[in-house]
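Each remark here refers to the structure printed beneath this line.
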Amino acid sequence: MLTNGKGFNVKPNQAWTGDLWDSTWIKDDSYKVYRNPEDVKISFWLQPEKYYVGAAWYKKTITIPEKKENEKYELYLERCHWETQLWIDSI
Numbered sequence: 001m002l003t004n005g006k007g008f009n010v011k012p013n014q015a016w017t018g019d020l021w022d023s024t025w026i027k028d029d030s031y032k033v034y035r036n037p038e039d040v041k042i043s044f045w046l047q048p049e050k051y052y053v054g055a056a057w058y059k060k061t062i063t064i065p066e067k068k069e070n071e072k073y074e075l076y077l078e079r080c081h082w083e084t085q086l087w088i089d090s091i
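Oh and the sequence shown: position 50 is 50 in full-length UniProt numbering, straight run, nothing missing.
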């Protein structure tokens with residue numbers, strides 16, 4: 001979603017899934033410019049350009065050849081940050 005420009009702008013009071021152990025960003029006036037609601041920058045955190053929380057649907061068609069005896073297939077879903085469900089048709 002985020003790589004497609006979907007989501008909302010990050011705000012200073014944004015709920016995060018991690019903790020800020022150093023309260024400098026909140027308390028130190030030298031960081032005030034980075035707490036601007038229109039252009040939040042958190043220099044010591046992995047900050048996306050936008051944030052999105054909610055359901056998202058992706059569709060991908062893959063073709064798996066005829067299964068051979070004792071052969072296994074693995075589907076790897078990269079960067080699933082939250083609960084993820086997968087539906088596979090025609091199995």
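We put the CB at the ideal spot given by N, CA and C, even for glycine. Keep in mind that this is a model prediction, so the values were computed, not measured.
Beta-carbon proximity check, F8 vs Y51, cutoff 8 Å = yes
Enumerate in chain order the residues of its own chain whose CB-to-CB distance from K11 is below 7 Å, with the five nearest sequence positions on each side excluded.
-> P37 and V40
So what does N9 bridge to, in DSSP terms?
-> Residue pairing by DSSP places N9 opposite K50 in a beta bridge.
In chain order, what residues of the same chain have a beta carbon less than 8 Å from the beta carbon of K67, not counting five sequence neighbours either side?
-> Y73
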